[in-house]
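Scroll down for the structure; my scribbles are underneath it.
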Amino acid sequence: MDDQYFVRTFEIDALNTSLKLYQKCEGDVGCVVWDASIVLAKYLEEIYKKNSKQFQNLTVVELGSGAGCVGLTAACFGAKVLLTDLSSVMPLLKKNLEANYEAIKKHNGEAHAEVLEWGKIIHSPLQPVLILIADCVYYKEIKLSKPLSNWLGR
Numbered sequence: 046m047d048d049q050y051f052v053r054t055f056e057i058d059a060l061n062t063s064l065k066l067y068q069k070c071e072g073d074v075g076c077v078v079w080d081a082s083i084v085l086a087k088y089l090e091e092i093y094k095k096n097s098k099q100f101q102n103l104t105v106v107e108l109g110s111g112a113g114c115v116g117l118t119a120a121c122f123g124a125k126v127l128l129t130d131l132s133s134v135m136p137l138l139k140k141n142l143e144a145n146y147e148a149i150k151k152h153n154g155e156a157h158a159e160v161l162e163w164g165k166i167i168h169s170p171l172q173p174v175l176i177l178i179a180d181c182v183y184y185k186e187i188k189l190s191k192p193l194s195n196w197l198g199r
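Residue numbers (the working numbering): 46 to 199.
This is how it looks when you write it as structure tokens:
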């Protein structure tokens with residue numbers, strides 16, 4: 046394993062599967078799996094346990110995906126997920142997409158990543174039914190309203 050990364054395993058008990066989540070040893074936001082992501086992913090799992098068809102083919106966008114725990118979990122439940130973050134986070138996010146490709150495929154989900162800088166419009170034909178955000182407002186300068194209104198206004 047590359048010594049700039051360390052791995053956190055995230056168990057999806059409802060599927061008897063786990064995600065292998067690479068994290069960076071050094072860096073700013075978007076480099077590790079934060080607790081809020083684990084909590085939201087476990088909440089999605091509780092929804093899945095109540096209705097396993099809830100996520101099948103559901104179109105999902107995750108804003109500020111970071112290492113991708115939440116979006117990858119939704120994809121494992123059968124959703125079609127677009128994970129977004131800054132360009133500086135893409136190598137880590139794509140590494141985690143690749144590491145978990147088989148788990149997502151096994152459960153008929155889809156996941157891909159695109160760069161999204163908040164305040165800029167993303168040009169995607171995707172019409173999300175669900176927008177996921179975990180722990181993304183950590184600097185007061187961050188303006189979440191523009192990307193949200195971009196997606197919600199479709």
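Glycine residues also receive a C-beta, built at the ideal position from the N, C-alpha and C atoms. All values reported here derive from a predicted model rather than from experimental measurement.
Taking buried to mean at least 16 other C-beta atoms within 10 Å of its own C-beta, is residue i buried or exposed?
i: V52; result: exposed
i: T54; result: exposed
i: C70; result: exposed
i: Q68; result: buried
i: D130; result: buried
i: S82; result: buried
Report all residues from its chain with a CB closer than 8 Å to the CB of residue i; omit the five preceding and five following residues, and keep chain order.
i: W79; result: G111, A179 and D180
If distances are taken between C-alpha atoms only, which option among the options comes closest to residue i?
i: S132; options: L175, C76 and V115; result: C76
i: Y88; options: L108, I149, K125 and I57; result: I57
i: A59; options: Q49, K150 and N96; result: N96
i: V174; options: K151, E107 and L137; result: E107
i: K150; options: N102, P136 and M135; result: N102
Can the beta-carbon of residue i be found closer than 8 Å to that of residue j?
i: L142; j: G123; result: no
i: L177; j: A119; result: yes
i: L64; j: N145; result: yes
Please work out which residues of its chain come closer than 7 Å, Cβ to Cβ, to residue i, disregarding the five sequence neighbours upstream and downstream, and give them in chain order.
i: T62; result: C121 and A148
i: F100; result: Y93, A119, F122, G123 and A124
Go through its chain and collect everything with a Cβ distance to residue i's Cβ below 6 Å, but skip five positions before and after it.
i: V126; result: V105, G116, A119, A120 and A156
Using 8 Å as the Cβ pair cut-off and three pairs as the minimum, do the segment 148-163 and the segment 78-92 touch? no
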